[in-house]
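Chains as they are written, first to last, in this note's numbering: chain E, 1 to 369; chain Z, 1001 to 1484.
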């Protein structure tokens, strides 16, 4: 009985109702009712996916431009498998290179030591050259020992690059949106001041931001030798940030301004200070809406990221798709189709994670009890 | 040997770690067996200096075209490694991004259109000094028209109706089509090229103008369209998108590098009518460009890079006794990797191994379609730089008349054979190349005057003004500038 409650709560909080009928079935509840649930959450979607795949493979046989054919599901899947095996092969080669480089480093150190020894016996110009060579060799040994793979990033690397960029943009957006949203929600005057800006900027297409983002970043780094983060990464990240700012901001405002008046009255009766009101009443009460906003933000951010990566040439799935598109060969479209599926699945996963967080903080949810 | 360092894989290895590791390893054999004097180069007075590299982790950009080959080969064949360089090569989406990223320093250097360092240095379309010390190749471009236009061209010129028409094919049979289009649609005939200062832009203009078709003038350094008085509008499309743009009907023909002409043939969407081998025989095509700032900050690194590129160029052009390429099939295989050019190997191999398919019926042997090293192709000749400047002036990208001396001075600023020379000398002393691979020491950087153009005009880089004035279409210069 107890495990059943826990399991059901898990299904609810993680946003996986698909598992619920199975749990109930195992717990011995009315099988007829549960099979209905299974049919709804498992069978019907499976049939729909099957139909989609059938339609896709039918289409792939009939859709073709002069130069290329739409890849079918099987071809897409096998290319996908190859992308992963290429990744592991590349990592193996990189590892090998790294070991070779370490060996080379030791060899170079030995060469340096030898040059040093020779320098002690030499004189004049020759001594100078030998000493310079020794220090150069040591420098090279150090570079070889700290060798970092310079192979092009693989598909799997690009997935992680994309996740990094989207998290960077999303976290900055949240750090800006939540405080501003709270201020908007708490002060009608501040809200009035900010609203026009929000309304004008919210509907702007992400890609219109990109050139401006690039300009700001370039001006930040003009004159500095080594930017602390790659410019393309920042451009892409800031574009994501600018686009995923708004849902969180608007929802936070809404959440804060619609905190139940009873709570506020209670706070007044208890004579809570401003910060106590904020942290004990207003923030907890508005968390569910705030998280609802963040969920939309992350979704928007992920969508924008692919386009931003394409334009900013930032390593990631967007660049992967663009490079493949430029390859123009027989398999590149299958690879693009596979990345589309992966992009979708990752988007889904991110959404689920945010649902999980939202459910954790929502009132009336068993998890928060 | 590995043990002493194996624990350091996570964090950075410091020089002290290395010293102790080398000591441990050296206790076996490495140091003891090498007393001074048992290696060549240890004779008194003959110690070669090892380049002290300012920067070892480098990122180079390239566009998916076969003529990025020297950069890719230098990486894949380990020539960069031999110089102690750890180079990543990264595909860029278009020439504009590539140039910007070299200017901002995101890229250390790049595969560039020969006109890009020149345009950027004289303020055409960009304003940042870029230099080059290594020319990547000669030739390698083609002009392709769509199937429909080809059929019309054949109607206009019966000689083209043969399965193997006589080459070079001039634009004369295109002229009536262009005129008819302009009369009917009221706008210039659309064709494509890859960048305003690209070789392709100047070549397709050269080809059109030599048959009396006006490709349009630029109204100055900031004009990116160049459609004043145009009978043909040449729009910019990144190379890999060219075939799709042609297929989509936005343009009726284009000038682009390989493999994008052969792709048009392979996918039956167009017919290449000429290559730049015929428009200007052995014309410079791509260069390895770096920003002037970068080159000043990293002189030794730059030398090391050029050394590796020279070896790659030599490898690409290596031939056996019968004059057959030794390494081009391997090169085509390397380039077909999706991280590099990515087009199908067979398509890349076409032009790389010395043939060019004009039509299915018209496959021609063109062993010099892409020259990477032979005939001093990788040397940065001043005269090549001046040719681009004359075309920029001819078409109005350079808005003001300049004296002949300006052309020579600019060439010296942008093209840096002295760096190339130094790299070559280092390689010669290492025994990796022969002194005969390079022009004689007294060579002044000006190739012989030539008439190997489709219009037969003579180009003498010592007289840029005379050359500009030899064209019927384009800007004209006051003749007295020739002596200034």
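Using N, Cα and C, we set each Cβ at its ideal position, and we do this for glycine too. Note that the coordinates shown come from a computational prediction; the quantities given were computed from them, not determined experimentally.
What span of residues does the alpha helix (DSSP H) with residue 1136(Z) cover, start to end?
-> Note, residue 1136(Z): premise wrong, no alpha helix (DSSP H); beta strand (DSSP E) at 1130-1139.
Which first and last residues belong to the beta strand (DSSP E) in which residue 1087(Z) is found?
-> 1086-1091
For a contact meaning CB atoms closer than 8 Å, what does residue 1019(Z) contact in chain E?
-> Within 8 Å Cβ-Cβ: 109.
Only counting runs of 3 or more residues, tell me where the beta strand (DSSP E) segments fall wholly within the region 1149-1213 of chain Z, in order along the chain.
-> 1189-1193
In the DSSP assignment, what residue or residues form a beta bridge with residue 1280(Z)?
-> 1453(Z)
Could you please tell me which residues of the region 1332-1354 of chain Z, in chain order, have their CB closer than 7 Å to any CB of chain E?
-> 1338, 1339, 1342, 1343 and 1344
Measuring only between beta-carbons, confirm whether residue 1436(Z) sits less than 8 Å from chain E.
-> For residue 1436(Z), the answer is no, since every Cβ of chain E falls outside 8 Å of its Cβ.
Please list, in chain order, all residues of the same chain as residue 236(E) whose beta carbon is under 6 Å from its beta carbon, the five residues on each side excluded.
-> 165, 308, 309, 312 and 314
Selection of the region 136-152 of chain E by Cβ proximity to chain Z, strictly under 8 Å | 136, 137, 138, 139, 140, 141, 142, 143, 144, 145, 146, 147, 148, 150, 151 and 152
Taking only beta-carbon atoms, is residue 20(E) less than 8 Å away from chain Z?
-> no
Three-state secondary structure (DSSP) at residue 1145(Z)?
-> Here DSSP, grouped into helix, strand and coil, assigns residue 1145(Z) to strand.
With a cut-off of 8 Å on the beta carbons, I'd call residue 251(E) and residue 292(E) a contact; round off their distance for me.
-> Between residue 251(E) and residue 292(E) a beta carbon distance of about 6 Å is seen, short of the 8 Å cut, so the two are scored as contacting.
At a Cβ threshold of 8 Å, is residue 1054(Z) touching chain E?
-> no
Mind checking whether residue 1124(Z) and residue 1221(Z) have CB atoms under 8 Å apart?
-> yes
Assigned exposure category for residue 1390(Z) - 16 Cβ within 10 Å defines buried = buried
Where does residue 176(E) fall in DSSP's three states?
-> helix
What is the DSSP secondary structure of residue 1364(Z), counted as helix, strand or coil?
-> strand
Do you know how far the Cα of residue 1476(Z) is from the Cα of residue 1483(Z)?
-> 16 Å
Would you please verify whether the beta carbon of residue 230(E) is less than 8 Å from any beta carbon of chain Z?
-> yes
The region 175-191 of chain E contacting the region 137-147 of chain E, beta-carbon criterion three pairs below 8 Å | no
Does the pairing of the region 316-335 of chain E with the region 1336-1347 of chain Z give three or more beta-carbon distances under 8 Å?
-> yes
DSSP puts residue 143(E) in a beta bridge; with which residues?
-> Bridge partners of residue 143(E): none, in fact.
Spatial distance of residue 302(E) from residue 1285(Z) (CA atoms) | 40 Å
3-residue-minimum beta strand (DSSP E) runs that sit fully inside the region 1245-1270 of chain Z, ordered along the chain | 1253-1257
Closest by C-alpha distance to residue 15(E), when choosing among 84(E), 261(E), 356(E) and 92(E) | Selected option, being the one with the closest Cα: 356(E).
Where does residue 1370(Z) sit, in a helix, a strand or coil, going by DSSP?
-> strand
Look up residue 1228(Z) in the DSSP assignment and give the residues it is bridged to.
-> 1217(Z)
State yes or no: is the C-beta of residue 1329(Z) nearer than 7 Å to some heavy atom of the ligand HEM?
-> This structure does not include the ligand HEM; it has no bound ligands of any sort.
Determine which residues of the region 1134-1146 of chain Z have a Cβ less than 8 Å from any Cβ of chain E, and write them out in chain order.
-> Contact residues of the region 1134-1146 of chain Z toward chain E are absent (C-beta to C-beta distance below 8 Å).
When you compare only the Cα positions, how much space is there between residue 358(E) and residue 333(E)?
-> 37 Å
Would you mind sorting residue 305(E) into buried or exposed? The rule is 16 or more other CB atoms within 10 Å of its CB.
-> Buried, because 16 or more other Cβ atoms sit within 10 Å of the Cβ of residue 305(E).
Which word fits residue 13(E), buried or exposed, when buried means at least 16 other C-beta atoms lie within 10 angstroms of its C-beta?
-> Buried, because 16 or more other Cβ atoms sit within 10 Å of the Cβ of residue 13(E).
Could you check where the beta strand (DSSP E) with residue 1358(Z) kicks off and where it finishes?
-> 1355-1359
Leaving out the 5 sequence neighbours to the left and right, which residues in its chain are closer than 7 Å to residue 256(E) when beta-carbon positions are compared?
-> Excluding positions up to five away in sequence, the list reads 181, 182, 185, 186, 282 and 286.
Hey, does residue 985(Z) have any beta-carbon neighbour from chain E nearer than 8 Å?
-> Residue numbering for chain Z in the displayed model covers 1001 to 1484; residue 985(Z) lies beyond these limits and cannot be assessed.
Can you tell me the Cβ-Cβ gap for residue 1292(Z) and residue 1131(Z), rounded? I've got them flagged as a contact below 8 Å.
-> 5 Å
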